[in-house]
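Colleague: This is the structure, below, for whatever I ask next.
Protein chains: 4
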Amino acid sequence: MVSLSDLDPQARSLLEQQTIELPSWAFGNSGTRFKVFTTAGTPRDPFEKLADAARVNAYTGAAPRVSLHIPWDRVDDFEALKVHAESLGVRIGMINSNVFQDDDYKFGSLCNPDESIRAKAIRAHLDCIDVMGATGSDSLKVWLADGINYPGQDDLRARQERLDDSLAQIYAALSRNQQMVLEYKFFEPAFYATDVPDWGTSLMHCQALGPRAKVVLDTGHHAPGTNIEFIVMQLLRAGRLGAFDFNSRFYADDDLMVGAADPFQLFRILHEIVRADALRPDSGVTFMLDQCHNLEDKIPGEIRSVMNVQEATAKALLVDREALTAAQLAGDVLAANGVLMDAYNTDVRPLLAELREEKGLAPDPLAAYLASGYQARIEAERIGGAQAGWGA
Amino acid sequence: MVSLSDLDPQARSLLEQQTIELPSWAFGNSGTRFKVFTTAGTPRDPFEKLADAARVNAYTGAAPRVSLHIPWDRVDDFEALKVHAESLGVRIGMINSNVFQDDDYKFGSLCNPDESIRAKAIRAHLDCIDVMGATGSDSLKVWLADGINYPGQDDLRARQERLDDSLAQIYAALSRNQQMVLEYKFFEPAFYATDVPDWGTSLMHCQALGPRAKVVLDTGHHAPGTNIEFIVMQLLRAGRLGAFDFNSRFYADDDLMVGAADPFQLFRILHEIVRADALRPDSGVTFMLDQCHNLEDKIPGEIRSVMNVQEATAKALLVDREALTAAQLAGDVLAANGVLMDAYNTDVRPLLAELREEKGLAPDPLAAYLASGYQARIEAERIGGAQAGWGA
Amino acid sequence: MVSLSDLDPQARSLLEQQTIELPSWAFGNSGTRFKVFTTAGTPRDPFEKLADAARVNAYTGAAPRVSLHIPWDRVDDFEALKVHAESLGVRIGMINSNVFQDDDYKFGSLCNPDESIRAKAIRAHLDCIDVMGATGSDSLKVWLADGINYPGQDDLRARQERLDDSLAQIYAALSRNQQMVLEYKFFEPAFYATDVPDWGTSLMHCQALGPRAKVVLDTGHHAPGTNIEFIVMQLLRAGRLGAFDFNSRFYADDDLMVGAADPFQLFRILHEIVRADALRPDSGVTFMLDQCHNLEDKIPGEIRSVMNVQEATAKALLVDREALTAAQLAGDVLAANGVLMDAYNTDVRPLLAELREEKGLAPDPLAAYLASGYQARIEAERIGGAQAGWGA
Amino acid sequence: MVSLSDLDPQARSLLEQQTIELPSWAFGNSGTRFKVFTTAGTPRDPFEKLADAARVNAYTGAAPRVSLHIPWDRVDDFEALKVHAESLGVRIGMINSNVFQDDDYKFGSLCNPDESIRAKAIRAHLDCIDVMGATGSDSLKVWLADGINYPGQDDLRARQERLDDSLAQIYAALSRNQQMVLEYKFFEPAFYATDVPDWGTSLMHCQALGPRAKVVLDTGHHAPGTNIEFIVMQLLRAGRLGAFDFNSRFYADDDLMVGAADPFQLFRILHEIVRADALRPDSGVTFMLDQCHNLEDKIPGEIRSVMNVQEATAKALLVDREALTAAQLAGDVLAANGVLMDAYNTDVRPLLAELREEKGLAPDPLAAYLASGYQARIEAERIGGAQAGWGA
């Protein structure tokens, strides 16, 4: 049975310091176009979302930042929200712009052929930069719903030119210590063409913008069969991997808990991260969750997800790199694959329990949270008001 | 240039008689989990939906039936709705049960492990059978959102047994001149396992139920790369193809206008229909649209879709069957494929214009509708009230 | 750390008795359309293939049968081959018919429009039944390359009728204690339509044939995203799952080692097997490998694959069924999923090492084989002659 | 019915001048890993391949160049081959390097961890550059089979660094009037990771090399559901689209005749080409076929393919660009899509027949070829020798 002492000091230190950013919206309701189910205790405002997120950090010790979605998390006083977060032991992470829920954006936001709507969408991003200033966030995260549903509906290339111009205006508004990260997505909500559908497109725009523009890789945003760890490797090689949106999928952008659909894939992704030494806190890569807990409880769903990332990371850190390289150079396919599988097949849960206990945390964060009575308390307290969801 | 006279009398008669059933819900608003855009003039109730559907029939002469969705189309007096339909020149088609929009159905309807919820879902279907009686409909159309999001969430096999029992209870309530059609879907809204995911599963349940249970093939409900016309052929061979839900897709269940994404595929499907002589009005196969006009106008979107099915049908009827068979038996791959492509590459729009003019219709239904001023009228008249959508 | 004693007696017994059938062809060369690489020591005839297969059984104690492919494994004296196998401690398993490597079969075998070629293909199957008689095999395994590359190339439905007739003739030639298993495949080598593309089609033919016709599920023969364990469950429910062809895939029918691409999927499949009590030796389900070791060494590749199936099985047997059912019935999504993941995340390698030692085997079969010097011996001995491959 | 006069003079000129490059290997045998079927009359050497290719040009008037594959098309005297081509009315096009059919390349060519094998692969490309010199070709086309079958088999990033270095050495050997085009492929023959799997990777390498390195887009080399015309648009925007390998697919890299699987997609690709004015002879984009006629006759298969590209091009040239732009800017989804569909639904075969007749060609190249007796002649003459295929 492996224990913490099986990790070399550097690996152990990387594992101890790993942090995972939480999305505020994971604590609100979500669903499909068919139905959004409601749950007792769901937050009614950003302050309550932060309170729930802080619970995840309290039990895992590994989730000290919360990402906001504007306008879903718009408040009158962002300074107060920042102070509230700090009082809960967390801080504000990336600011996500949302330019897809206004009737004006029916035909796009930063790519819209109507110049006045495009200007409105650009302004919405400048507002987000203001929120960054007020909350101490250093990253603007841009995901666009832009695209078209039918061939011919709009001109694909003209949309790229508009996007180019829109992003340049937004990038110009960033201060020197702020960055933009641009997310790509294979499809949905657009059904024929999406304006930033793949990492190549996102990278081209980032290259055009400058060094403080990087790519966001959402693990659910690829075509069937795509080798995601290859893209991770390639973006790291280009120095342009800005952040992960972790989740998992069986079919489309299912937004299930990370590691739930294909834990081996998650391990392979972390292996590329470790291989490129990108687990270092100063690597510039943000590890973030982006999930929808449509059916399962939200807080424990996030705790479980943080644990899944930690387990995949611990396994990746256990890979015997020397033995791996030797087998690779010898052309010994089975031995090389075997080195990787040995690490993957190891049960690292005891090792992580040990790590938590050293930090003064409960060895099993999920059990500890469930025993805490927090869920019953919020169910009792959060009566009335409108539950937060994707629309509010 | 082909004309009506290029069709033999039987083919011409089949084309003239072909009808396409319209979904009432296509006239309401729809969208994605990200946003449902609203549009001026959208119906507020089932009566207005029927009025809009009747416009599609008025201009195409080929859409005389409207399918209802219960409870979306629940009215106090179904008899009145039926009379209203008839006054507009259409009648009520299939009745679709909807057991996925109540919080009770979070973990399923006909497959739910909670017996009381399962009983409620069965009762909802019995109510639909009552609606059939009141409206003169002879078909109960069952599509279930049932499924699970995570491995282990529920027992796959136990869910099948519950489904088996639920369907049997519902089937037993049908009268002799009524049938049940069971739709399958690859995924969505369930993300790990869907309880009726493929034609094999649907067929197995229909076989267990009896001869008046048939399979519904929705053209958007398959895995990437699936050869849909093969399934059409196979279900026809088994005598179990009950209905089509026509639409088109690039990625998942996009519900775009039929023929918009892959018109050649639609032609190949119709070719199998013609090949099996299933275009005959008494073949037992219902041709129906099931689409979401998220961005485009709804009434002209439906008109265009009816026209697309007619064009694919006309092309399929133009296939030189004798030449095709001769080339096939001779093993002449290029010649055989060439016979099919000749029909597909033919521009049948003039032929269909001719057909419409013979029926006393405008040759171009879309242009005629757009010139009619109907859209402006409903935009002016339908002020106030709640626009119909998937939730109402 | 789990040990054998953590399994209840019945589970332990099932694990001890589990056997996996090996494909003779896995020991010959294979490759892609681009290149078949050769390897020193590759068998030159079926006798040498059996010798290699027997090594896999010697080290794992779990692979006592070898499946033959006719004509690849045709020998003058099948009785001698049978005796040879027994002398090596193994016996002959299923007989696979091969009707795709003769120029005559360019347009199909059992579905060929040319009656004389179809008759030849039927005779090839009757020959296989003779081989079954001579070798003591009780199962005829049918996988067909039949299909067409272009729309229109042949008539899809006529091909089904021919298939129906061909299979009936073959089935009629089986004795009462013999069965036929029919494999389906999504695509390849046919690129437009395959005549047995999915489990529904295979099942329909099996139902038409009779109770001794069952479906073969090859884990690499599905569309992207297909939930394979659902099909396993459904075929078990129908009493028609005859055999597995285990392998793994990232893209198409890659034929990689089972468990190499998605070990979690393999576990879920075994979970459905255990759930349906189909691990029992008398369940009628044959577990077989069907792999291509294009780059890795063949004998250790097979050993590794047997171990992978055993590990997935052990994990499936460790699932706490009572806790799982309780969580499922309570609608506790996270707890139910957690029960499954607990078993999956367990490192069962020590448990299996223990099991092997109790049987008098080396705890690590792969290491033991590699230390045995067998590979060096066959490389030295097998000089000259033509290496076995897919064509010989 | 449209005629040539419906095209404006510029469009007509572009259509008249369009040329499609033929692959020499399409005239040899090809197949799948299961079987390569042989055909009477198949060429035995590059001279005979050129003779067959010249027939395609003779009947279509649009295929004046033939691309070679080295070593498949290696001859002692390339000067003689060049003269032979010219005597047949064609010339040598791109030179394709082949570094995947030697046992040395089992673990890769330009990415191989063994430096001596990597050097050999680089030399093979320098040899191709010599062939370019001797034949007057100005383009080196690089497609690599490099990749790995199992996670861990080799280091993904180290392989990129080796690729980078290898390509740089090759690029340095090109003269100023020569270019390199780099093809990407989703998967096959590698099953876990391919070293140039997508356009993003190819583009990154081209950017690193310099302005005379461009991307090759093979229409069969993408993940399911990929919007290929979007990539066309994006590469044109980046000024890096070097060539097309046209073919079509239903599943993987099926290499069927272009336009056979999804003619609407081919039209959409050509629409982006026309939109970007990249049909101009000096646009730098080479239109090339890359197909495998496994079942159909090869020469007429190529003729048909050239015709399919011409038909898609003619339709794209018929798009009413002004009306399209107006509808797009007005947000009229149905009208914009309708403009595109009007062009697509037009039967352009008469127009192309007219074009051919003006050039002094038969209006139906396929019929004319079939009537020529060429096939019977080569079947009679080409007796003995080894038929050309992928291995020779």
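Residue numbers (numbering that gives the first Met the number 0), protein chains in the order written: chain E, 0 to 391; chain F, 0 to 391; chain P, 0 to 391; chain D, 0 to 391.
Note that the Cβ used here is the ideal one computed from N, Cα and C, for glycine as well.
Since we're looking at a predicted model, the values are computed, not measured.
Going along chain P, which residues have a C-beta under 8 Å from Gly30 (chain D)?
Modeller: Here the neighbours are Arg32, Pro188.
Colleague: When we look at the beta-carbon of Asp276 (chain P) and count the other beta-carbons within 10 Å, is it buried (16 or more) or exposed?
Modeller: Per the 10 Å Cβ criterion, exposed.
Colleague: Quick check: the Cα distance between Ser108 (chain P) and Asp101 (chain P), rounded to an integer number of angstroms?
Modeller: Distance between the alpha carbons of Ser108 (chain P) and Asp101 (chain P): 10 Å.
Colleague: Any idea what DSSP makes of Ala386 (chain F), helix, strand or coil?
Modeller: Residue identity check: residue 386 (chain F) is Gln in the sequence provided, not Ala. Coil, per DSSP.
Colleague: Enumerate in chain order the residues of its own chain whose CB-to-CB distance from Asp126 (chain F) is below 8 Å, with the five nearest sequence positions on each side excluded.
Modeller: If we look at Asp126 (chain F) and ignore the five residues flanking it on each side, its Cβ neighbours are Ile69.
Colleague: Quick check on this structure: which residue in P:Gly330, P:Lys358, P:Asp363, P:Leu317 has the alpha carbon closest to the alpha carbon of Asp341 (chain P)?
Modeller: That would be P:Leu317, whose Cα lies nearest to the Cα of Asp341 (chain P).
Colleague: For Gly224 (chain E), go through chain P and note every residue whose CB falls closer than 7 Å to its CB, in chain order.
Modeller: Pro223, Phe249, Tyr250, listed in chain order.
Colleague: Output, in chain order, the set of chain P residues within a Cβ distance shorter than 7 Å of Glu295 (chain E).
Modeller: Under the 7 Å cutoff, chain P gives Val332, Leu333.
Colleague: May I ask which residues mark the beginning and end of the alpha helix (DSSP H) holding Lys48 (chain D)?
Modeller: Residues 45-59.
Colleague: Rounded to a whole number of angstroms, what is the C-alpha to C-alpha distance between Met287 (chain E) and Arg161 (chain D)?
Modeller: C-alpha separation (whole angstroms): 32 Å.
Colleague: Do we get a CB-CB distance below 8 Å when we pair Lys184 (chain D) with the residues of chain P?
Modeller: Answer no: the Cβ-Cβ gap between Lys184 (chain D) and chain P never drops below 8 Å.
Colleague: For Met0 (chain E), count neighbouring C-beta atoms within 10 Å of its own C-beta (all shown protein chains included) and say buried if the count is 16 or more, exposed if not.
Modeller: Flag for Met0 (chain E) reads exposed.
Colleague: Can you find a CB in chain E that lies within less than 8 Å of the CB of Ala391 (chain D)?
Modeller: Any answer about Ala391 (chain D) is weak, because its pLDDT of 49 lies below 50 and its placement is not dependable; what the coordinates show is given next. No, its Cβ sits nowhere closer than 8 Å to a Cβ of chain E.
Colleague: Hey, which unbroken runs of the beta strand (DSSP E) at 3 residues or more fall wholly within the segment 67-121 of chain P?
Modeller: The qualifying runs are 90-96.
Colleague: CA-CA distance, Ala311 (chain P) and Ala25 (chain D)?
Modeller: Cα to Cα, Ala311 (chain P) sits roughly 45 Å from Ala25 (chain D).
Colleague: Mind pulling the chain D residues with CB within less than 7 Å of Tyr149 (chain E)?
Modeller: Those are Val332, Asn336, listed as they occur along chain D.
Colleague: For Val305 (chain D), write down the residues that DSSP places opposite it in a beta bridge.
Modeller: Paired residues: none, contrary to the question.
Colleague: Among residues of its own chain, excluding the 5 on either side of Ala391 (chain P), which ones have a beta-carbon nearer than 7 Å to its beta-carbon?
Modeller: Any reading at Ala391 (chain P) is ruled out, since the residue's pLDDT is 49, under 50, leaving its predicted position unreliable.
Colleague: By Cβ distance, which residues of its chain are closer than 8 Å to His83 (chain E), with the 5 residues on each side in sequence left out?
Modeller: Phe46, Leu49, listed in sequence order.
Colleague: Which residues does DSSP list as the beta-bridge partners of Thr193 (chain F)?
Modeller: Paired residue(s): F:Gly146.
Colleague: Taking C-alpha atoms, which residue in F:Ser247, F:Ser304, F:Arg239 lies nearest to Ser282 (chain F)?
Modeller: With distances taken between Cα atoms, Ser282 (chain F) lies closest to F:Arg239.
Colleague: DSSP state of Gln159 (chain D), grouped into three classes?
Modeller: Helix at Gln159 (chain D).
Colleague: Closer than 8 Å, CB to CB, is Gln233 (chain E) near chain D or not?
Modeller: It does: the Cβ of Gln233 (chain E) has a partner Cβ on chain D nearer than 8 Å.
Colleague: At the level of alpha carbons, what is the spacing between Ile393 (chain D) and Arg64 (chain D)?
Modeller: No answer is possible for residue 393 (chain D): the residues shown for chain D start at 0 and end at 391.
Colleague: Could you list the residues in the segment 83-108 of chain D with a C-beta less than 9 Å from some C-beta on chain P, going in chain order?
Modeller: Cβ contacts with chain P: Phe99, Gln100, Asp101, Asp102, Tyr104, Lys105, Phe106.
Colleague: Using alpha carbons as the reference points, say which of E:Asp153, E:Ile19, E:Thr38, E:Asp154 lies closest to Ile91 (chain E).
Modeller: Considering only alpha carbons, the answer is E:Ile19.
Colleague: Since Ser12 (chain F) is in the alpha helix (DSSP H), which residue starts that stretch and which ends it?
Modeller: Looking at the DSSP string, the run of the alpha helix (DSSP H) that includes Ser12 (chain F) is 8-16.
Colleague: Using DSSP with H/G/I as helix, E/B as strand and the rest coil, what is Phe186 (chain D)?
Modeller: Three-state result, Phe186 (chain D): coil.
Colleague: I'd like the ranges of any beta strand (DSSP E) spanning at least 3 consecutive residues and lying wholly in the segment 223-254 of chain E.
Modeller: Complete beta strand (DSSP E) runs here, min 3: 240-245.
Colleague: If you follow the alpha helix (DSSP H) that Val1 (chain D) is in, where does it begin and where does it stop?
Modeller: Counting along the chain, Val1 (chain D) falls outside any alpha helix (DSSP H), and DSSP gives it neither H nor E.
Colleague: For Ala171 (chain F) and Val215 (chain F), what's the separation of their Cα atoms in angstroms?
Modeller: In a straight line, the C-alpha of Ala171 (chain F) is about 19 Å away from that of Val215 (chain F).
Colleague: Using the Cα positions of Gln393 (chain P) and Cys110 (chain D), report the straight-line distance between them to the nearest angstrom.
Modeller: Since the first residue of chain P shown is 0 and the last is 391, residue 393 (chain P) is not available in this structure.
Colleague: On a CA-only basis, which of F:Arg158, F:Tyr250, F:Gln177 is nearest Thr324 (chain P)? Give me that one, please.
Modeller: Nearest option by C-alpha distance: F:Arg158.
Colleague: Mapping the DSSP letters down to three states, classify Glu20 (chain E) as helix, strand or coil.
Modeller: DSSP places Glu20 (chain E) in strand when its eight states are reduced to three.
Colleague: Is the CB of Asp5 (chain E) under 8 Å away from at least one CB in chain D?
Modeller: No, Asp5 (chain E) lies away from the interface with chain D (no Cβ there is under 8 Å from its Cβ).
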